[in-house]
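Peer 1: In our numbering, the protein residues as written are 5 to 128.
C-beta atoms are modelled at their ideal positions from N, C-alpha and C, and glycine is treated no differently.
#1: Is DSSP giving residue 22 helix, strand or coil here?
#2: With H, G and I counted as helix, E and B as strand and the rest as coil, what does DSSP make of residue 53?
#3: DSSP on residue 102, reduced to helix/strand/coil?
#4: If distances are taken between C-alpha atoms only, which option among 110, 126, 120 and 22 comes closest to residue 94?
#5: Please report the straight-line C-alpha distance between residue 141 and residue 113, rounded to a whole angstrom.
#6: Where does the unbroken alpha helix (DSSP H) through residue 33 begin, and where does it stop?
#7: Taking the alpha-carbon of residue 20 as reference, which of 101, 75, 90 and 50 has the nearest alpha-carbon?
#8: Compare the Cα-Cα distances from residue 75 to each of 64, 87 and 83 and report the closest residue.
#9: At a cut-off of 8 Å, is residue 93 close to the ligand PLP when judged by its beta-carbon and the heavy atoms of the ligand?
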């Protein structure tokens, strides 16, 4: 049984998925730039998303819907493991989503620094 916070986090994730679907549709970005949404997608989108995820404790162990015997202690480190974080932002300079490339890099650098991971960045 999911608690209120877990359901709220799932609904927020669904809303973000709908945003991405809309943004990629014909005239989707024009639609998303309307004032009725109450957010400036180009300026505030990622900040709002991460703020809500933090407020909902989306990455908290308690929010994960897995049995406790599957969970790994948060301080577990195995130097033999090499962890890679990958995402692909394939937006050309002409795309209204091109701004996301710089924001993605900032978020990646902060995440890797927080968890002690190395970072490699390639842009074409």
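Peer 2: With the structure as the only source:
#1: The residue given as residue 22 occupies position 18 in the chain shown. Helix, per DSSP.
#2: Along the chain shown, one-based indexing puts residue 53 at 49. Residue 53 falls in the helix class under three-state DSSP.
#3: The sequence position of residue 102 within the chain shown is 98, counting from 1. In this structure, residue 102 counts as coil in the three-state DSSP scheme.
#4: Here the question's residue 94 lines up with position 90 in the chain shown. The shortest Cα separation from residue 94 among 110, 126, 120 and 22 belongs to 126.
#5: Since the first residue shown for the chain is 5 and the last is 128, residue 141 is missing from the structure and cannot be characterised.
#6: Looking up residue 33 in the chain shown gives position 29. Its alpha helix (DSSP H) spans residues 32 to 36.
#7: One-based indexing of the chain shown puts residue 20 at position 16. Nearest option by C-alpha distance: 50.
#8: Numbered from 1 along the chain shown, position 71 holds the residue referred to as residue 75. Of 64, 87 and 83, the residue nearest in Cα terms is 64.
#9: Among the components modelled here there is no ligand, and therefore nothing to report on the ligand PLP.
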